[in-house]
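Residue numbers (my numbering): 13 to 350. Ideal Cβ positions, reconstructed from N, Cα and C, are used throughout, including at glycine. Being a predicted model, the structure only gives us computed values, none of them experimental. First comes the structure, then the notes that go with it.
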Amino acid sequence: EDCLNLNVWVPANSAGAPVFVWIHGGALLKGSSKEPMYDGARLAQQGIIVVSINYRMGVLGYLAHPGLSAESADGVSGNYGLLDQIAALRWIRNNIAQFGGDPDNITIFGQSAGAGSVQSLCASPLSRDLISQAISMSGGGLSDMRPGIMLDTAIVAGKNLMDHFEKATLEDMRALSFDELTKMSGDYAAATNKRIWWSPVVDNYVLTGTFTTVARAGEIADIPYMIGFTANDLIDMTKPVTDFCALRAEKSSKPVYAYLFARQLPGDSSGAFHSADLWYVFNSFRHSWRPFTDGDKELSNKIVDYWTNFAKHGNPNGLGEQTWTPYTSQLPKFMVLD
13 EDCLNLNVWV
23 PANSAGAPVF
33 VWIHGGALLK
43 GSSKEPMYDG
53 ARLAQQGIIV
63 VSINYRMGVL
73 GYLAHPGLSA
83 ESADGVSGNY
93 GLLDQIAALR
103 WIRNNIAQFG
113 GDPDNITIFG
123 QSAGAGSVQS
133 LCASPLSRDL
143 ISQAISMSGG
153 GLSDMRPGIM
163 LDTAIVAGKN
173 LMDHFEKATL
183 EDMRALSFDE
193 LTKMSGDYAA
203 ATNKRIWWSP
213 VVDNYVLTGT
223 FTTVARAGEI
233 ADIPYMIGFT
243 ANDLIDMTKP
253 VTDFCALRAE
263 KSSKPVYAYL
273 FARQLPGDSS
283 GAFHSADLWY
293 VFNSFRHSWR
303 PFTDGDKELS
313 NKIVDYWTNF
323 AKHGNPNGLG
333 EQTWTPYTSQ
343 LPKFMVLD
C-alpha cells in the first residue's frame, strides 16, 4: 500500500502554468506512473506542469467489506483506489502553486483504465469541481454493457472472499500480505468460479452512479472534454464515444473533441493497437524498440501541441487556426491522427 506518491515535471518558466495530471492504466490491477513511456519532460517543455500519480489497485484498491464499512465515518468501503486519486487531486490543488502552477487550471488525462478513472473523477461529487478539462483515451464514452457495481453487492463479494479463507475480523485481514491477498483472489475465483471485479463501486458517497448514468443526468463536470481511441483498439469504441459527444452537445455549451489515432505503428503488423498512442502523446520514442520515422516524430509533435493546447485553453487548436472542430450533431467529425 506504500504507493501514494507522485512525480512532478516543471517547465523552466512555470509562473501561472496550467497543470496536467496523468492517470496510468492497467485494468486497475497493474501499472505505475514510473513506466518510462510516461516521461512528462516533453509535455513540460510546452509550458505545462505535468504530474503523474499512483494509486492502490486490485484487492487493496477496491475491496469492500462490512467490517471496513462499519469503521468508516461515511459507512462505505471499496473505493480506496479512486479516493487515492481524489486525494492526489486535492494535494495538487492545494500545493501546485508552490511549483508555479495554476490550481484553477487542472486537466486530467488517462488511458484505458486510466480513462475510466478520468470519467469516475468527472462524475464524483468529491472531485468534479477540481477539474478544468479532461481527456479520456481508449476507455471512455457512454455504455450500458457493464452496469455499475452497487456497494451492497461489492460488500457481499468481499465478505464471501474473506469468509472462504476464514478471515472473519479486520485484524485477520490486515495481517495478510499483499501477495497473500492477491493469491487468495485467484484461488477463490478458481474454487468458486466467481470472479471479483476490482473496480469502483456506486456507494452514494464517492460515486452516485456510473459515469453513463451521471452523464445522462447532466451531473458530470461541465467542462471541455477530449475523447478518442486507436484504430485497432481492444474493441470498437465508436458508438460509446459518439454517444457521449452527442449527449454533451445536447446538454452543454462546453465543447467535446473526438479523435481516432490511426497510425499503423512501424516494426510489425500490430497496427494502431491499444496503447500505441502513448509514445506519441508523451513523445517517448526513445523508450521503444520500434523503428519510428520522421513522420512519426512530426505526428507526435502535432499531438503534443493538441494535448497541451487543450490543457492551456480547453481547445486543442490553441489560439491559432481552428483545424480541429468540436463534435456536434450537425458536424459529427473525428480528428484522424495519422
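- Annotated three-state conformation of Met-174 is helix, per DSSP.
- One thing to note: Val-218 has its Cβ within 7 Å of the Cβ of Ser-136.
- CA-CA distance, Ser-26 to Ala-180, rounds to 52 Å.
- In the displayed model, Ile-239 falls within a strand according to three-state DSSP.
- Rounded to whole angstroms, the gap between the alpha carbons of Gly-151 and Gln-110 is 33 Å.
- Judged by DSSP in its simplified three-state form, Trp-34 adopts strand.
- Annotation: the continuous beta strand (DSSP E) that includes Gln-123 extends over 113-123.
- Straight-line spacing of the CA atoms in Cys-257 and Val-268 works out to 6 Å.
- If you draw a straight line from the Cα of Val-130 to the Cα of Ala-233, it is about 11 Å long.
- As DSSP reads the structure, Trp-103 sits in no beta bridge.
- Counting along the chain, Ala-258 sits inside the alpha helix (DSSP H) bounded by residues 250-263.
- Closest in C-alpha terms to Glu-47, from the list Pro-344, Asp-306, Ser-300, Met-347, comes Ser-300.
- Sequence-distant partners of Gly-90 (beyond 5 residues in either direction) whose C-beta falls short of 6 Å from its own C-beta, in its chain, are Tyr-74, Ala-76, Ala-166, Val-213.
- Rounded to whole angstroms, the separation of the alpha carbons of Leu-40 and Ile-98 is 15 Å.
- Ranking Thr-194, Ile-143, Asn-216, Phe-223 by CA distance to the CA of Trp-209 puts Thr-194 first.
- Phe-273 sits away from Asp-51, with the two beta carbons spaced by 7 Å or more.
- Distance check between Asp-156 and each of Ala-323, Lys-251, Ser-44 places Lys-251 closest, using alpha-carbon atoms only.
- Residue burial is scored here from C-beta neighbours: Gln-334 has fewer than 16 other C-beta atoms within 10 angstroms and is therefore classed as exposed.
- When C-alpha distances from Asn-66 are compared across Ile-108, Gly-126, Tyr-318, Tyr-339, the shortest belongs to Gly-126.
- Around the C-beta of Asp-116, fewer than 16 other C-beta atoms lie within 10 Å, and the residue is accordingly described as exposed.
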